[in-house]
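K.L.:
Counting from 1, position 2 in the sequence shown corresponds to residue 2 in the working numbering; the numbering is continuous, with no gaps. Virtual Cβ for every residue (Gly too), placed ideally from N, Cα, C.
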Amino acid sequence: MQEIRCGRCRKLLMKSEPAAIRGTVEVKCPRCGTMNSLRPVEPLPERPSERTLKGFKDGQENSALKGL
């Protein structure tokens, strides 16, 4: 569990598992009244597209693979 604390007064606002926050969450500190905006540390990885996996589409080289 990780502790989520107020950025101004350091009061404990909540405890959560890592990666438990999926979107932006705003929490108002009951002690000092600061609005704390919480966002995920890392975005969830997306599945690679078919173009990325093949490296070619319609006979053209994928721009990400050029120069390799």
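1) On the CB-based measure, 16 or more other CB atoms within 10 Å of its CB, does L13 come out buried or exposed?
2) Taking the C-alpha atoms as reference points, what is the distance between C6 and P18?
3) Alpha carbon to alpha carbon, what distance is there between P30 and V41?
4) By Cβ distance below 6 Å, which residues in the same chain neighbour K15 in space, the five residues on each side in sequence not counted?
5) Below 7 Å CB to CB, which residues in the same chain sit around M35 once its five sequence neighbours on both sides are set aside?
P.N.:
Quick answer:
1) buried
2) 17 Å
3) 24 Å
4) M1 and E3
5) E26 and K28
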